Amino acid sequence: MKSLLFTTFIFLCFCGFGQNNQSYDVIIIGGGASGTAAGIQAARMGQKTLIIEETPWLGGMITSAGVAAFDGNHQIAGGIFKEFRDSLYGRYGGAKSVETGWVSNTLFEPSVGNAIFQNICAKEKNLTLIFEAKWRSAVQTKTSWTISYRHKTTNYKATADQIIDATELGDVAKMLGIPADIGMDSRAKSGEKFAPRVANNIVQDLTYVMILKDYKSEGSHVITKPKGYKASEFDCACGNRDPKLKNDKQVSCLSMLDYGKLPNGKYMINWPNCGNDIYMNIVNMTESQRNIELEKAKKISLRFLYFIQTELGFKNLGLADDEYSTNDKFPYIPYHRESRRIHGLARLNVNHLIDPFSSDKAYYRTGVVVGDYPIDHHHKKNLNAPNIDFIEIKTPAYNIPLGTLIPKSHKNIIVAEKSISVTNIVNGATRLQPVVLGIGQAAGALAAVASSQNISPDKVKIRDVQQALLDANAYLMPYIDTKPNDAQFFAMQKIGACGILKGHGVTYKWANQTWFYPELAVTEFELADGMRPLYKQLEKYWDASGEGVKLPFLVKLLKVLGVEKEEKDLINILAEQKLLTEGLLNRRQVSLIIDKTLNPFTLAINFDGHYTKN
Numbered sequence: 004m005k006s007l008l009f010t011t012f013i014f015l016c017f018c019g020f021g022q023n024n025q026s027y028d029v030i031i032i033g034g035g036a037s038g039t040a041a042g043i044q045a046a047r048m049g050q051k052t053l054i055i056e057e058t059p060w061l062g063g064m065i066t067s068a069g070v071a072a073f074d075g076n077h078q079i080a081g082g083i084f085k086e087f088r089d090s091l092y093g094r095y096g097g098a099k100s101v102e103t104g105w106v107s108n109t110l111f112e113p114s115v116g117n118a119i120f121q122n123i124c125a126k127e128k129n130l131t132l133i134f135e136a137k138w139r140s141a142v143q144t145k146t147s148w149t150i151s152y153r154h155k156t157t158n159y160k161a162t163a164d165q166i167i168d169a170t171e172l173g174d175v176a177k178m179l180g181i182p183a184d185i186g187m188d189s190r191a192k193s194g195e196k197f198a199p200r201v202a203n204n205i206v207q208d209l210t211y212v213m214i215l216k217d218y219k220s221e222g223s224h225v226i227t228k229p230k231g232y233k234a235s236e237f238d239c240a241c242g243n244r245d246p247k248l249k250n251d252k253q254v255s256c257l258s259m260l261d262y263g264k265l266p267n268g269k270y271m272i273n274w275p276n277c278g279n280d281i282y283m284n285i286v287n288m289t290e291s292q293r294n295i296e297l298e299k300a301k302k303i304s305l306r307f308l309y310f311i312q313t314e315l316g317f318k319n320l321g322l323a324d325d326e327y328s329t330n331d332k333f334p335y336i337p338y339h340r341e342s343r344r345i346h347g348l349a350r351l352n353v354n355h356l357i358d359p360f361s362s363d364k365a366y367y368r369t370g371v372v373v374g375d376y377p378i379d380h381h382h383k384k385n386l387n388a389p390n391i392d393f394i395e396i397k398t399p400a401y402n403i404p405l406g407t408l409i410p411k412s413h414k415n416i417i418v419a420e421k422s423i424s425v426t427n428i429v430n431g432a433t434r435l436q437p438v439v440l441g442i443g444q445a446a447g448a449l450a451a452v453a454s455s456q457n458i459s460p461d462k463v464k465i466r467d468v469q470q471a472l473l474d475a476n477a478y479l480m481p482y483i484d485t486k487p488n489d490a491q492f493f494a495m496q497k498i499g500a501c502g503i504l505k506g507h508g509v510t511y512k513w514a515n516q517t518w519f520y521p522e523l524a525v526t527e528f529e530l531a532d533g534m535r536p537l538y539k540q541l542e543k544y545w546d547a548s549g550e551g552v553k554l555p556f557l558v559k560l561l562k563v564l565g566v567e568k569e570e571k572d573l574i575n576i577l578a579e580q581k582l583l584t585e586g587l588l589n590r591r592q593v594s595l596i597i598d599k600t601l602n603p604f605t606l607a608i609n610f611d612g613h614y615t616k617n
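Below is the structure:
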């Protein structure tokens, strides 16, 4: 473990030099959503960290791709996602000031998002950023990794204990030959009844997002008519528009634009319905092949822009001139909804999301990221895609197991972004911005623990990573009614992650829910049954009925487990956090007492979520 004393933050944005042959604890390839969060978390845990990013910005799909509207996690905001969102509130003047479009509770200008990420990173003394640099290779030795990259016209190398693949399409994993899937899994392989019978290589449509600006009275901003333009290509973009009724058409199409309305008179154009989505599978292509294909994505966006300006009459809208420094004013990267998906130590399928507590894999116990968005797939531009109504696959709010970040075949690398080990169906939920930020934060915590202990990621104690995330006010369990500012948040999260008291899932509109019900009374049987997998002494514990838990029952239960406590001791635990009680105990109180007296969160679990020692 390398000394972290006197580590200096180096901000290399426009420099023509690099830190050649420098040594780090953690190197992150890709400064997108997950890479940025990973870098912040690892640096805060004392690890000398390097992020290598191809663009001039941080934030990836959130900023560099222009998807500046959060999907989900509005009521379960924690960790770096909440920190970023709170910074947006501060920048714009509160939560209501960013509720500008109907697709999201939080919309913002991409440039503002990048500035916030830059400001957060600038405060981390252990974090080095290198922009406009392309990684070339990753080579593992017995003791470390060597990463080669090119910045401007010069090649550099850097070494680290741990590396994280945070590229948009899992390119480091590909170079290393890590087994992965691309496209839709077969029903037999995934175990999901919703999956197609036969696997295919169909990925989700991608989008070259446009950020438009209302130039108001500055005259027409209509672009030159794009080659191949036909208005009929976008005929259903406004839903039930009637071309004979101009007023109706304007109202309906204005609603379409307001979908992604941003502050300060800007619009995010990321529209799937006869809009600027396009189907192409470029995951396995070379860089030059990808660039050729992505020009097609830009062209469909330009055709859509011309449609908006001419057919719909919004001549005042044009590509924003104060967002991206690109010659064409497009974002630095496209919005990739899907990547290659590694084969990890855990493989999360939709059955685990639907019923996490009844699966043979107790993945929920190893959770490090939470999400509540539905299964949202974009396939409207591919006529060959199977007709699967993904949005009708009902799931509650869920969490993602740590093992999805670690390849089964290469256990000394961590994979983030959209390349984690989930099925194609599940990727429709785990690809969203708050979740990918959480994946990055978990990756950073995992790398920091592994580096500080001089072990590979597969050897870490899962609870160590989870504790680091709790310390950062992140969620492990997706409980909508437990907030990080709640005095008993940590106890309820830990008891939930142990499976002692389980949550209750609800499928609800576009923000699914899982409830802990802190004030609900606990029955004797419920508590004893939840503790049996942890403690062999309770396998034949006889004195547990359907009655509500009272302090005398807890005293007896603890005694069976070898912990001698009197009622006054338990009362003192509650009183310290101003939780006095008479009669039945609720889930909040029981969580606190069990956490303080038994600390079951320290019991070891494996990547399947099963207890390894009782």
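Offset between the sequence shown (1-based) and this note's numbering: plus 3.
All C-beta atoms, glycine included, are put in the ideal place defined by N, C-alpha and C.
Since this is a predicted model, take the numbers as computed values, not measurements.
For residue i, which residues from the same chain have a beta carbon less than 8 Å from its beta carbon, with the 5 sequence-adjacent residues on both sides left out?
| i | result |
| --- | --- |
| ASN108 | PHE73, HIS77, ALA98, VAL101 and GLU102 |
| THR605 | ARG466 |
| GLU420 | GLY33, GLY35, ALA36, SER37, GLY38, GLY63, ASP168, ALA169, THR170, GLU171, GLY173, SER342, VAL439, ILE442 and GLY443 |
| ASP637 | The question about residue 637 has no answer, for the chain in this structure spans 4 to 617. |
| ASN602 | none |
| GLY549 | THR526, GLU527 and PHE528 |
| TYR91 | The amino acid occupying residue 91 in the given sequence is Leu; Tyr does not appear at that position. Closer than 8 Å at the Cβ level, and outside the excluded window around LEU91, lie VAL101, THR109, PHE111, VAL115, GLY116 and ILE119. |
| GLU221 | ASN319 |
| LYS616 | LEU606 and ALA607 |
Pick out whichever of the options has its Cα sitting closest to the Cα of residue i.
| i | options | result |
| --- | --- | --- |
| PRO377 | LYS397, TYR366, ILE166 and ASP532 | LYS397 |
| THR510 | ILE357, ARG340 and GLU112 | ILE357 |
| GLN25 | VAL115, TYR95 and TYR152 | TYR152 |
| SER594 | PRO555, ALA234 and GLN496 | GLN496 |
| LYS126 | ALA578, HIS154, ALA141 and ARG47 | ARG47 |
| GLY194 | ALA202, ILE226, GLY69 and ASN354 | ASN354 |
| TYR338 | ILE65, GLY374, TRP148 and THR58 | ILE65 |
| ALA45 | GLU57, LYS512, GLN165 and MET288 | GLN165 |
| ASP598 | ASN385, LEU541, ILE55 and ILE503 | ILE503 |
| ILE423 | VAL175, ALA477, ILE123 and ILE458 | VAL175 |
| TRP138 | GLU57, ALA349, ASN589 and GLY447 | GLU57 |
| GLN580 | THR52, PHE493, ALA161 and GLN456 | PHE493 |
| VAL115 | ALA141, VAL106, GLU135 and PHE87 | PHE87 |
| LYS85 | GLN469, ASN273, PRO437 and VAL371 | PRO437 |
| PRO528 | LYS512, ASP546, TYR538 and GLN540 | Looking at the sequence shown, residue 528 is not Pro but Phe. Cα-wise, what sits closest to PHE528 is ASP546. |
| GLU314 | GLY82, PHE237 and SER220 | PHE237 |
| PHE134 | ARG344, SER147 and ILE31 | ILE31 |
| ILE391 | PHE197, VAL468, LYS512 and ASN287 | PHE197 |
| GLY370 | THR407, ASP379 and GLY347 | THR407 |
| ALA388 | ASP188, ALA141 and LEU557 | ASP188 |
With a CB to CB cut of under 6 Å and the five nearest residues on each side skipped, what residues in its chain are close to residue i?
| i | result |
| --- | --- |
| ILE311 | PHE317 |
| LYS383 | PRO275 |
| MET283 | GLU296 |
| ARG368 | ALA500, GLY502, ILE608 and GLY612 |
Throw me the rounded Cβ distance for the residue i and residue j pair, which I believe falls under 8 Å.
| i | j | result |
| --- | --- | --- |
| ILE409 | PRO460 | 5 Å |
| SER454 | ASP89 | Between ASP89 and SER454 the Cβ distance is about 29 Å, and since that is not below 8 Å, they are no contact. |
| GLY508 | ALA400 | 7 Å |
| GLY69 | ILE285 | With 8 Å as the limit, GLY69 and ILE285 do not qualify as a contact, their Cβ atoms being about 18 Å apart. |
| VAL373 | ILE79 | 5 Å |
| LYS230 | TYR309 | Rounded, the Cβ-Cβ distance is 11 Å, inconsistent with contact. |
| ASN476 | GLY81 | 5 Å |
| GLY506 | MET480 | 6 Å |
Quick one: what's got a C-beta closer than 7 Å to residue i's C-beta in the same chain, skipping five residues either side?
| i | result |
| --- | --- |
| LEU583 | LEU577 |
| GLU522 | ASN589 and ARG591 |
| GLU542 | ARG535 |
| ARG293 | ILE285 |
| PHE14 | Unreliable positioning characterises PHE14 in this predicted model, as indicated by a pLDDT of 40, which lies under 50. The coordinate reading is nonetheless provided below. Contacts found: ALA125 and LEU132. |
Is it a yes or a no for the segment 511-520 touching the segment 480-491, going by three-plus beta-carbon pairs under 8 Å? Touching, yes.
For the 8 Å Cβ check, are there 3 or more pairs between the segment 35-51 and the segment 173-189? As far as the Cβ criterion goes, the segment 35-51 does not touch the segment 173-189, which means the pair count is below three.
Run through the segment 154-187 for me and flag every whole alpha helix (DSSP H) of 4 or more residues, listed as ranges in chain order. Within the segment 154-187, the runs of alpha helix (DSSP H) at least 4 residues long that lie entirely inside it are, in chain order, 174-178.
Can you list the beta strand (DSSP E) stretches of 3 or more residues lying completely in the segment 96-164, in chain order? Listed in chain order, they are 130-133, 136-143 and 148-154.
Alpha helix (DSSP H) runs contained entirely in the segment 276-360, provided each spans 4 or more residues: Residue ranges of uninterrupted alpha helix (DSSP H) with 4 or more members, entirely inside the segment 276-360 and ordered along the chain, are 290-313 and 353-357.
In the segment 19-60, which residue ranges form an unbroken alpha helix (DSSP H) of at least 4 residues, counting only runs that do not cross its ends? The qualifying runs are 36-47.
Do the segment 565-583 and the segment 327-344 make contact, defined as three or more Cβ pairs closer than 8 Å? With the cut-off at 8 Å, the segment 565-583 and the segment 327-344 do not touch.
Given 8 Å, three or more beta-carbon pairs between the segment 426-439 and the segment 190-209: Touching, yes.
Could you check whether the segment 410-418 touches the segment 543-562, counting it as contact only if at least three pairs of C-beta atoms, one from each stretch, sit closer than 8 Å? With the cut-off at 8 Å, the segment 410-418 and the segment 543-562 do not touch.
Take every Cβ of the segment 195-207, pair it with every Cβ of the segment 258-277, and state whether three or more of those distances are shorter than 8 Å. Flag = no, the segment 195-207 and the segment 258-277 do not touch.
Report the start-end ranges of each alpha helix (DSSP H) in the segment 191-246 that is 4 residues or longer and not cut off at the edges. Listed in chain order, there is nothing to give.
What ranges does the alpha helix (DSSP H) occupy inside the segment 506-563, keeping only unbroken runs of at least 4 residues that lie completely in it? Entirely contained in the segment 506-563, the alpha helix (DSSP H) runs reaching 4 residues are, in chain order, 527-534 and 554-563.
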